[in-house]
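**Student:** Residue numbers (this note's numbering), protein chains in the order written: chain A, 8 to 842; chain B, 110 to 361.
Structure below; questions to follow.
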């Protein structure tokens with residue numbers, strides 16, 4: 008006990024003597040505790056969110072979404088008879104194709120939204136509602152809606168709030184009646200509305216049938232759903248590939264985890280940087296301390312302290328610092344973990360309670376604590392090398408016999424630079440740790456900058472990583488529209504730069520790989536500009552196909568291979584010519600129109616991509632098209648009869664009927680004539696060419712904007728954390744170096760060196776290390792960007808950006824070191840000379 | 110002869126746990142160009158404090174210090190460093206050579222901060238080292254490979270390499286044996302003969318004999334002054350007696 012007390016006093020004395028360094032190290036440890044414990048806890052918690060969503064909501068695990076146009080009850084026969092199925096149910100859902108805008112007062116949020124009735128919801132999950140309103144209040148509501156519990160946080164809603172949902176220029180107003188416990192749902196957010204409201208809304212948005220399935224334990228989901236799809240294809244009269252999507256529990260768990268973990272993984276990387284920095288700093292400080300206090304060590308040994316006791320004093324010094332940092336870091340760590348988990352929950356629409364795994368949180372903090380103790384012990388053991396006599400003589404290391412490096416007599420320019428370089432060369436080994444720290448920080452900052460540069464600008468992202476043509480306006484046509492003639496009509500507008508012909512994405516099967524991909528088809532890819540290949544080239548001939556890097560990864564395909572493609576039971580071989588960037592349309596393949604005609608001889612383009620001249624507003628141009636061609640067939644089919652006179656009302660009713668016939672029965676041409684008295688009202692579908700109009704580029708921009716903002720924020724946060732860590736490291740380094748070289752610096756000041764000159768020398772000493780570190784950081788970052796490109800999409804690395812970032816890191820490092828060396832100003836020559 | 114250093118009402122105080130200790134009190138002193146001024150006094154009389162205040166190593170608490178007519182008492186620390194670089198040379202009792210540099214680099218560290226490197230500068234350093242008995246071979250040695258006397262000779266060369274207007278020395282022979290001490294004093298004498306102004310603090314009579322002016326401090330004030338001929342131009346015995354009488358009178 009007495010011995011422990013003596014060691015503790017030694018440790019406390021050391022902390023007191025180097026207060027500022029100890030505080031800085033404490034701050035570094037605290038940052039590490041916060042980042043490490045929170046990210047580890049969050050990553051563990053994230054894995055539990057999806058199972059929790061299922062168990063708490065009682066929802067089905069697997070879902071198949073089939074377009075109402077393609078759905079038939081015959082599909083259920085398979086589920087009825089298959090003994091692998093534990094239970095199943097089905098219900099209709101109405102969902103927006105794109106994003107819906109939810110307005111509450113002046114606040115606007117865009118969400119992926121679908122609607123179901125209460126009975127449908129109850130067949131899918133428990134539908135446990137939480138509401139502060141009584142039944143009477145709810146019954147008075149004209150259009151009540153129940154939203155997922157996460158909406159309270161995500162959309163800032165409460166019971167009784169009035170919201171307006173807007174899309175396709177239609178708006179519906181609801182009153183929030185309450186919130187329910189939502190399970191996993193593949194179509195974004197789910198709003199529960201009354202059957203009356205549902206019947207209103209389903210006329211304006213896509214209608215699908217959801218088949219919810221739970222399988223018995225141990226059943227191979229992939230095999231089951233493959234068989235189910237094959238069965239549906241078999242019994243269906245239609246091609247179901249365009250309107251059939253399955254979402255299995257395992258895939259959902261994986262996707263959710265990947266989406267949720269991104270932020271935590273970045274935090275783990277930042278924690279890694281601090282861990283390395285702490286290790287380097289502790290080792291550097293202990294080596295410096297032992298050299299600096301070697302005579303004191305000798306005295307202590309002479310007084311009877313054993314080398315183990317002295318080594319223990321170093322370990323305890325760092326454990327005390329770590330303990331203080333841990334105490335201060337526990338609360339921010341827990342709050343950060345909670346924030347990361349909340350953010351993850353919002354990503355997957357989970358609104359339940361999220362608790363931190365306390366045991367894991369404590370273990371992660373203890374791990375840091377033990378790591379610090381071990382690092383300190385591993386280096387402090389070197390005290391053993393100095394028995395008292397050797398210590399009194401300051402160890403042999405303080406005596407110089409070697410040849411002078413960079414002798415001053417050969418100084419050509421600044422003596423300060425030469426002295427700085429000598430300082431660097433005198434401590435090359437000590438600089439390795441610093442080099443590692445700056446390299447890691449450089450990698451983190453450069454990756455942040457590269458990603459922010461590549462993904463931070465929505466427009467740029469869309470043009471490089473979308474894997475899809477981004478027309479200002481996309482028009483689908485109906486009826487007997489001759490594609491080339493209509494394209495010519497559109498191109499005759501002065502505002503139009505060009506028109507590309509394509510078709511709604513068709514799904515084709517890659518036979519040898521058991522995989523389905525959707526097809527993008529163009530006459531000539533020479534005119535496409537945002538389908539960018541990472542390797543090879545785009546298809547030019549009718550026997551060629553290209554695919555996204557994602558699809559290539561899934562199907563394990565290489566450029567030059569031949570694939571057998573099936574469409575409508577016709578099979579043909581195609582040569583793979585290249586891979587395309589895509590973070591949006593991962594499972595896509597690309598063919599020429601001629602190529603598709605080989606397996607679908609009746610193919611003819613029915614979509615027209617309009618690219619407008621710079622400065623032309625897409626919405627204004629769409630209005631011009633409406634002036635000429637009238638409302639779109641889709642809009643017409645959903646509109647109500649209008650008109651002041653009988654004739655106008657008759658014409659309006661006839662147009663609605665013709666539109667519905669074209670959409671629902673595939674009618675290509677109709678004409679009518681109605682005689683009322685002497686008047687004959689007649690018309691035809693000759694002008695009803697446009698089925699629908701969409702604003703592809705604007706829709707994608709809206710979707711990607713949030714994603715880009717997240718990347719920008721992450722990049723900034725990453726850079727700030729790195730800057731703080733590097734600044735702390737350099738401050739500790741400079742403080743330790745100044746303490747170690749107090750005498751030399753005092754002498755230099757005495758013979759006429761100014762504090763600023765000496766600060767410059769100190770800062771210049773780390774420049775060679777920083778240059779090497781930044782160079783390593785740059786190479787690794789560019790290589791990592793290459794690796795990201797291999798699995799995701801092309802990351803355009805601008806050498807100029809890398810060089811500018813490198814220069815910024817170097818300048819920052821220099822100024823942080825210069826600032827860290829300001830303690831030189833406190834060195835009093837007089838005190839040194841008279842001590 | 111002109112006055113090279115002058116103090117007006119110079120005060121220097123130190124605070125020690127709240128207690129003010131007044132080491133130099135309202136001192137008026139003039140040091141003449143070309144003089145070898147020796148400052149003597151009992152321990153704690155303020156000798157070293159005065160030396161460092163005169164040389165710009167430390168700032169006075171009150172009063173002024175004029176160097177060549179220029180008031181240096183309000184200079185910032187960095188301006189004082191530039192002032193010392195261009196005007197002063199220092200020889201310390203503890204020598205304070207830079208351990209990680211060889212002899213020649215120790216000299217050039219001081220020289221290169223004031224002047225650009227040139228073959229003449231290196232030659233001058235080597236000539237000066239040679240004049241104090243440090244040969245070319247020893248130039249490559251590190252301080253821990255030299256004797257105390259050799260180190261102090263290197264220290265003197267470092268102090269004079271920039272042709273300082275005043276050479277300040279604080280007990281330069283304090284840590285040396287008798288023989289080495291005499292060698293070092295010989296160098297100071299030669300420097301004085303060549304016209305170098307020297308201000309030296311000592312409590313050693315043999316050392317004080319080398320000066321042509323001895324001022325005696327007591328409780329932070331000049332209480333006595335002795336003027337003598339240049340060392341070597343008068344009878345050494347008589348000189349010793351005069352200094353002895355003066356010091357006895359001062360209560361030495």
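Don't be surprised by glycine CBs; every beta carbon is placed ideally from N, CA and C.
Please read all numbers here as calculations on a predicted model, not as lab measurements.
Within 8 Å of any Cβ in chain B, is that where the Cβ of residue 744 (chain A) sits?
**Tutor:** On the first chain, residue 744 (chain A) is found 737 positions in, with the first residue counted as 1. Taking Cβ atoms only, chain B never reaches closer than 8 Å to residue 744 (chain A), which makes this a no.
**Student:** Under 8 Å, do residue 241 (chain B) and residue 212 (chain B) count as touching if we go by C-beta distance?
**Tutor:** Your numbering for residue 241 (chain B) matches position 132 in the second chain. Your numbering for residue 212 (chain B) matches position 103 in the second chain. Cβ distance not < 8 Å, so residue 241 (chain B) and residue 212 (chain B) don't count as in contact.
**Student:** Whole angstroms are fine: how far does the CA of residue 143 (chain B) sit from the CA of residue 285 (chain B)?
**Tutor:** In the second chain, the residue the question calls residue 285 (chain B) occupies position 176. In the second chain, the residue the question calls residue 143 (chain B) occupies position 34. Roughly 26 Å separates the two Cα atoms.
**Student:** Output, in chain order, the set of chain B residues within a Cβ distance shorter than 8 Å of residue 760 (chain A).
**Tutor:** Within the first chain, residue 760 (chain A) is the residue found at index 753, counting from 1. Here the neighbours are 190, 194 and 222.
**Student:** My understanding is that residue 264 (chain A) touches residue 557 (chain A), with C-beta atoms under 8 Å, so please give their C-beta distance in whole angstroms.
**Tutor:** Locating residue 264 (chain A) in the first chain gives position 257, where the first residue counts as 1. Locating residue 557 (chain A) in the first chain gives position 550, where the first residue counts as 1. In fact, because the Cβ distance is near 18 Å, the residues do not count as touching under 8 Å.
**Student:** Use the C-beta contact count for residue 807 (chain A): other C-beta atoms within 10 angstroms, 16 or more gives buried, fewer gives exposed.
**Tutor:** Within the first chain, the letter at position 800 stands for residue 807 (chain A). Exposed.
**Student:** Are the stretch 210-217 of chain A and the stretch 155-165 of chain A touching, with three or more C-beta to C-beta distances below 8 Å?
**Tutor:** Judged by Cβ distances under 8 Å, the stretch 210-217 of chain A makes no contact with the stretch 155-165 of chain A, as fewer than three pairs qualify.
**Student:** Determine the closest residue to residue 136 (chain B) out of B:114, B:316 and B:278, with distance taken between C-alpha atoms.
**Tutor:** Position 27 of the second chain, counting from 1, holds the residue named residue 136 (chain B). When each option's Cα is compared against that of residue 136 (chain B), the closest is B:114.
**Student:** In terms of alpha-carbon separation, which member of A:476, A:701, A:712 and A:435 lies closest to residue 626 (chain A)?
**Tutor:** If you number the first chain from 1, residue 626 (chain A) lands on position 619. The candidate whose alpha carbon is nearest that of residue 626 (chain A) is A:701.
**Student:** Is the separation between the beta-carbon of residue 780 (chain A) and that of residue 828 (chain A) shorter than 8 Å?
**Tutor:** On the first chain, residue 780 (chain A) is found 773 positions in, with the first residue counted as 1. On the first chain, residue 828 (chain A) is found 821 positions in, with the first residue counted as 1. Taking 8 Å as the Cβ cut-off, residue 780 (chain A) and residue 828 (chain A) do not qualify as a contacting pair.
**Student:** Is it right to say residue 118 (chain B) is buried, meaning 16 or more other beta carbons lie within 10 angstroms of its own, or is it exposed?
**Tutor:** In the second chain, counting from the first residue as 1, residue 118 (chain B) sits at position 9. Classification of residue 118 (chain B): exposed, given that the 10 Å Cβ count is below 16.
**Student:** Return the chain-ordered ranges of every beta strand (DSSP E) run that is complete within the stretch 75-130 of chain A and spans a minimum of 3 residues.
**Tutor:** Entirely contained in the stretch 75-130 of chain A, the beta strand (DSSP E) runs reaching 3 residues are, in chain order, 92-102, 107-111, 114-118 and 120-124.
**Student:** Determine contact between the stretch 307-321 of chain B and the stretch 333-342 of chain B, defined as no fewer than three beta-carbon pairs at a distance below 8 Å.
**Tutor:** Touching, per the Cβ criterion.
**Student:** Quick one: is residue 763 (chain A) near chain B, going by C-beta distance under 8 Å?
**Tutor:** Here residue 763 (chain A) refers to the residue found at position 756 when the first chain is read from its first residue. Residue 763 (chain A) counts as touching chain B.
**Student:** Mind pulling the alpha helix (DSSP H) runs of 4 or more residues that sit fully within the stretch 538-580 of chain A?
**Tutor:** As far as the stretch 538-580 of chain A is concerned, its whole alpha helix (DSSP H) runs of at least 4 residues are 556-562.
**Student:** Is there a C-beta anywhere in chain B that falls below 8 Å from the one on residue 837 (chain A)?
**Tutor:** Looking up residue 837 (chain A) in the first chain gives position 830. Residue 837 (chain A) counts as touching chain B.
**Student:** Is any beta-carbon of chain B found at less than 8 Å from that of residue 453 (chain A)?
**Tutor:** As a position in the first chain, residue 453 (chain A) is number 446, starting the count at 1. Judged by the 8 Å Cβ criterion, residue 453 (chain A) is not in contact with chain B.
**Student:** Between A:296, A:360 and A:415, which lies nearest to residue 390 (chain A) when the distance is taken from Cα to Cα?
**Tutor:** Taking the first chain and counting its residues from 1, the one referred to as residue 390 (chain A) is at position 383. Ranking the options by Cα distance to residue 390 (chain A), first place goes to A:296.
**Student:** Short check: CB of residue 271 (chain A) to CB of residue 347 (chain A), under 8 Å?
**Tutor:** In the first chain, the residue the question calls residue 271 (chain A) occupies position 264. In the first chain, the residue the question calls residue 347 (chain A) occupies position 340. Cβ distance < 8 Å, so residue 271 (chain A) and residue 347 (chain A) count as in contact.
**Student:** Excluding the 5 residues preceding and the 5 following residue 623 (chain A) in the sequence, name in chain order all residues of the same chain whose CB lies nearer than 7 Å to its CB.
**Tutor:** To locate residue 623 (chain A), count along the first chain from 1; it is residue 616. Cβ within range, chain order: 502.
**Student:** Please work out which residues of its chain come closer than 7 Å, Cβ to Cβ, to residue 598 (chain A), disregarding the five sequence neighbours upstream and downstream, and give them in chain order.
**Tutor:** The residue labelled residue 598 (chain A) in the question sits at position 591 within the first chain. So the list reads 526, 528, 546 and 552, once near-sequence residues are dropped.
**Student:** At which residues does the alpha helix (DSSP H) containing residue 322 (chain A) begin and terminate?
**Tutor:** Residue mapping note: residue 322 (chain A) aligns to position 315 of the first chain, counting from 1. Taken as a continuous stretch (DSSP letters only), the alpha helix (DSSP H) holding residue 322 (chain A) covers 314-354.
**Student:** State whether the stretch 72-84 of chain A contacts the stretch 373-390 of chain A, with contact taken as three or more CB pairs (one from each stretch) at a distance under 8 Å.
**Tutor:** With a cut-off of 8 Å, the stretch 373-390 of chain A and the stretch 72-84 of chain A do not count as touching, because too few Cβ pairs lie within range.
**Student:** Are there 16 or more other CB atoms within 10 angstroms of the CB of residue 45 (chain A), so buried, or fewer, so exposed?
**Tutor:** Position 38 of the first chain holds residue 45 (chain A). Buried: at least 16 other Cβ atoms inside 10 Å.
**Student:** According to DSSP, residue 278 (chain B) sits in a beta bridge with which residue or residues?
**Tutor:** Numbered from its first residue, the second chain carries residue 278 (chain B) at position 169. Note: residue 278 (chain B) sits in a beta bridge opposite B:200 and B:309.
**Student:** Under a CB-based cut-off of 8 Å, is residue 295 (chain A) close to chain B?
**Tutor:** As a first step, residue 295 (chain A) is located in the first chain; it is residue number 288 there, counting from the start. So no, residue 295 (chain A) is outside the interface.
**Student:** Which residues in the same chain have their Cβ closer than 8 Å to the Cβ of residue 299 (chain A), if we skip the five residues on either side of it in sequence?
**Tutor:** Sequence index remark: in the first chain, residue 299 (chain A) carries index 292 (1-based). For residue 299 (chain A), where only same-chain residues beyond five positions count, the Cβ hits under 8 Å are 746 and 747.
**Student:** Can at least three beta-carbon pairs, one atom from the stretch 157-168 of chain B and one from the stretch 305-320 of chain B, be found at a separation below 8 Å?
**Tutor:** A contact exists between the stretch 157-168 of chain B and the stretch 305-320 of chain B.
**Student:** Looking at chain A, is there any beta carbon in it that lies within less than 8 Å of the beta carbon of residue 161 (chain B)?
**Tutor:** To locate residue 161 (chain B), count along the second chain from 1; it is residue 52. Residue 161 (chain B) counts as touching chain A.
**Student:** Within the continuous beta strand (DSSP E) that includes residue 303 (chain A), where are the two ends?
**Tutor:** Numbered from 1 along the first chain, position 296 holds the residue referred to as residue 303 (chain A). Looking at the DSSP string, residue 303 (chain A) is not in any beta strand (DSSP E); the run it does join, the alpha helix (DSSP H), is 301-309.
**Student:** Contact defined as beta carbons within less than 8 Å: I believe residue 383 (chain A) pairs with residue 322 (chain A). What is the distance between those atoms, to the nearest angstrom?
**Tutor:** As a working note, residue 383 (chain A) is residue 376 in the first chain. As a working note, residue 322 (chain A) is residue 315 in the first chain. Residue 383 (chain A) to residue 322 (chain A), Cβ: 5 Å. Contact.
**Student:** Considering only the alpha carbon of each residue, which of A:759, A:229 and A:242 lies closest to residue 254 (chain A)?
**Tutor:** Numbered from its first residue, the first chain carries residue 254 (chain A) at position 247. Residue A:229 is the option with its Cα nearest to residue 254 (chain A).
**Student:** Residue 26 (chain A) versus chain D: which residues are under 8 Å apart at the beta carbon?
**Tutor:** Going by chain labels, chain D is absent from the structure shown, which instead holds the protein chains A and B.
**Student:** Which of the three DSSP states, helix, strand or coil, is assigned to residue 130 (chain B)?
**Tutor:** For this step, residue 130 (chain B) is matched to residue 21 along the second chain. Residue 130 (chain B) falls in the strand class under three-state DSSP.
**Student:** Is the distance from the Cβ of residue 666 (chain A) to the Cβ of residue 640 (chain A) below 8 Å?
**Tutor:** Your numbering for residue 666 (chain A) matches position 659 in the first chain. Your numbering for residue 640 (chain A) matches position 633 in the first chain. Closer than 8 Å, so yes.
**Student:** When we look at the beta-carbon of residue 62 (chain A) and count the other beta-carbons within 10 Å, is it buried (16 or more) or exposed?
**Tutor:** If you number the first chain from 1, residue 62 (chain A) lands on position 55. Answer is exposed; the Cβ neighbour count stays below 16.
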